[in-house]
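Quick notes on the structure that follows.
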Amino acid sequence: MAGSDHGEAARVSLFGRIFLLNALVLVAAAALLVFGPVTVSTPALLREVLVLAAGLVVMLIANAVLIRVGLAPLGRLTRAMTTIDLLKPGPRLAARGHGEIAELITTFNSMIDRLEAERGYSAARALSAQEAERRRVAQELHDEVGQSLTAVLLGLKRVADQSPQDMREELHQVQEITRSTLDEIRRIARRLRPGVLEELGLVSALKALTAETGLTVRQSFDKNLPALDAETELVVYRVAQEGLTNTARHAQADEVELTLRGRPSEVELRLRDNGRGIRDNAEGAGIRGMRERALLVGAELAVGPATPRGTEITLVVKAKEERG
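Okay, here's the thing in structure tokens:
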């Protein structure tokens with residue numbers, strides 16, 4: 001019964017709390033006038049006016065302090081609303097306060113939980129569809145376009161062998177252009193669908209990836225890394241791929257350090273370049289895509305300035321037995 005009475009007391013409305021705070025101050029002021037030694041003459045004397053003015057100031061200050069304390073949780077909630085980012089989960093607000101304020105904070109926390117869950121589900125479906133589309137396009141590039149260009153190369157070779165000497169040089173140039181195009185298509189297909197990741201593992205896939213960047217990449221991979229499931233390995237690969245792509249396109253860097261470190265139950269990927277750094281620029285689609293992928297497997301992603309200059313990307317993923 002006592003618990004029920006306490007619950008009813010805690011459910012006083014915000015209007016009721018503000019009214020009670022103001023009533024408390026006014027009752028205290030009235031009590032001082034009735035039972036205090038101060039009286040007001042007609043007309044009022046200067047001393048009496050000063051006493052009443054001082055009392056009014058004290059009453060206003062007390063009222064402001066009490067209301068500020070009572071509404072402080074709303075200020076915290078407002079700051080949380082303006083700064084929250086679903087791609088950067090953080091601790092929830094403590095449901096401090098009474099009545100409607102505590103209920104409002106609890107409702108807000110529940111709303112954020114639902115939004116994060118729904119965003120994670122939507123992102124998982126979108127990224128799964130994206131990977132499936134990449135596999136389809138890569139397969140078509142390899143099977144359709146690749147084979148057609150290979151047939152063109154063979155036909156050009158036959159024509160060149162049967163052509164007069166003065167035409168062979170031009171045909172050989174066309175052959176080289178076609179061969180370069182075929183190599184580029186194969187490279188695009190490998191980036192769309194990293195077959196080496198499925199066939200040879202994460203370390204081999206990262207080594208093959210760094211060979212295509214055009215940058216000087218210093219690599220360091222721990223031996224006997226904890227086992228990762230296929231989904232987590234793909235996230236690590238895609239984050240490294242996006243990081244290296246951003247570095248090559250935007251960082252104005254000529255050197256990148258890529259490390260893969262093993263911990264008892266985690267694996268850490270670290271990319272550090274010597275470029276111009278991210279400065280105060282807003283995060284682009286590439287970094288936000290990294291964050292979405294990291295959230296899918298419960299990983300921690302940090303993107304920030306490197307020392308002494310450049311950008312550093314750190315991804316920490318859980319080992320297979322930890323996720324299981």
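For the sequence shown, counting from 1, position 156 maps to 156 in full-length UniProt numbering; every step adds exactly one. Note that the Cβ used here is the ideal one computed from N, Cα and C, for glycine as well.
Terminal residues of the alpha helix (DSSP H) in which THR247 lies: Working through the sequence shown from its first residue, we reach residue 247 at position 247. Unbroken alpha helix (DSSP H) run through THR247: 230-250.
Cβ shell of LEU26 (< 8 Å), same chain only, five flanking positions each side left out: Taking the sequence shown and counting its residues from 1, one reaches residue 26 at position 26. Within the same chain, LEU26 has close Cβ partners MET59.
Cβ-based burial, ALA227 [other Cβ within 10 Å; buried from 16]: As a position in the sequence shown, residue 227 is number 227, starting the count at 1. When all chains shown are included, ALA227 counts as exposed.
For SER148, three-class secondary structure by DSSP: Residue numbering aside, residue 148 sits at position 148 when the sequence shown is read from its first letter. Here SER148 sits in helix by DSSP.
Strand pairing of VAL316, partner residues [DSSP]: In the sequence shown, residue 316 corresponds to position 316, counting from 1. Answer is GLU268, GLU300, bridged to VAL316.
Anticipated Cβ contact below 8 Å, LEU215 with GLU255, distance rounded: Start at 1 with the first residue of the sequence shown, and residue 215 comes out as number 215. Start at 1 with the first residue of the sequence shown, and residue 255 comes out as number 255. LEU215 to GLU255, Cβ: 7 Å. Contact.
C-alpha gap between ALA285 and VAL152, whole angstroms: Within the sequence shown, the letter at position 285 stands for residue 285. Within the sequence shown, the letter at position 152 stands for residue 152. Rounded to whole angstroms, ALA285 to VAL152 spans 38 Å at the Cα level.
Neighbour-count burial assignment, PRO264, 16 or more Cβ in a 10 Å radius: Numbered from 1 along the sequence shown, position 264 holds the residue referred to as residue 264. With fewer than 16 other Cβ atoms inside 10 Å of its own Cβ, PRO264 counts as exposed.
Stretch-stretch touch, CB-based, cutoff 8 Å, three pairs: the segment 240-254 with the segment 302-313: Output reads yes: the segment 302-313 touches the segment 240-254.
Endpoints, the beta strand (DSSP E) within which ARG261 is located: Here the question's residue 261 lines up with position 261 in the sequence shown. Judged by DSSP secondary structure, ARG261 falls within the beta strand (DSSP E) whose first and last residues are 255-262.
Contacts around PHE221, its chain only, beta-carbon distance under 7 Å, and the 5 residues preceding and following it disregarded: Locating residue 221 in the sequence shown gives position 221, where the first residue counts as 1. VAL203, LEU260.
Nearest-angstrom Cβ-Cβ length linking VAL196 and VAL317, presumed shorter than 8 Å: Here the question's residue 196 lines up with position 196 in the sequence shown. Here the question's residue 317 lines up with position 317 in the sequence shown. With 8 Å as the limit, VAL196 and VAL317 do not qualify as a contact, their Cβ atoms being about 19 Å apart.
Outcome for GLU321 when other beta-carbon atoms lying within 10 angstroms are tallied against a minimum of 16: One-based indexing of the sequence shown puts residue 321 at position 321. So GLU321 ends up on the exposed side.
DSSP-derived helix/strand/coil call for THR216: As a first step, residue 216 is located in the sequence shown; it is residue number 216 there, counting from the start. If DSSP states are grouped into helix, strand and coil, THR216 belongs with the strands.
GLY195 - containing alpha helix (DSSP H), residue span: The residue given as residue 195 occupies position 195 in the sequence shown. From DSSP, the alpha helix (DSSP H) with GLY195 extends over 195-200.
Supposed contact pair LEU71 and LEU104 - C-beta distance, whole angstroms, cut 8 Å: Along the sequence shown, read from residue 1 onward, the residue named residue 104 stands at position 104. Along the sequence shown, read from residue 1 onward, the residue named residue 71 stands at position 71. Contact between LEU104 and LEU71 does not hold, since their C-beta atoms are separated by about 11 Å, which reaches or exceeds 8 Å.
First and last residue of the uninterrupted alpha helix (DSSP H) at GLU103: In the sequence shown, the residue the question calls residue 103 occupies position 103. In this chain, the alpha helix (DSSP H) harbouring GLU103 covers 100-140.
Option nearest SER148 by Cα separation, candidates GLU257, LEU74, ARG186: The residue you call residue 148 lines up with position 148 of the sequence shown. A check of alpha carbon separations from SER148 across GLU257, LEU74, ARG186 identifies ARG186 as the nearest.
Residue closest to ALA230, alpha-carbon to alpha-carbon, out of LEU66, ALA23, LEU200: For the purposes of this step, residue 230 is identified with residue 230 of the sequence shown, where counting begins at 1. Residue LEU200 is the option with its Cα nearest to ALA230.
Selected residue, minimal CA-CA separation from VAL297, among ALA117, ALA132, ALA62, ARG135: As a working note, residue 297 is residue 297 in the sequence shown. When each option's Cα is compared against that of VAL297, the closest is ALA117.
Rounded separation between LEU244 and LEU225 - CA only: Stepping through the sequence shown from its first residue, residue 244 is reached at position 244. Stepping through the sequence shown from its first residue, residue 225 is reached at position 225. For LEU244 and LEU225, the distance between alpha carbons rounds to 22 Å.
Start-to-end residues for the alpha helix (DSSP H) that takes in GLU184: Within the sequence shown, residue 184 is the residue found at index 184, counting from 1. Bounds of the alpha helix (DSSP H) holding GLU184 are 165-192.
Buried/exposed call for PRO43, threshold 16 Cβ in 10 Å: For this step, residue 43 is matched to residue 43 along the sequence shown. The residue is exposed, with fewer than 16 neighbouring Cβ atoms inside 10 Å.
DSSP bridge partner residues for ASP273 (one or two, in chain order): Within the sequence shown, numbered from 1, the residue matching residue 273 stands at position 273. The partner list for ASP273 (beta bridge, DSSP) reads VAL256.
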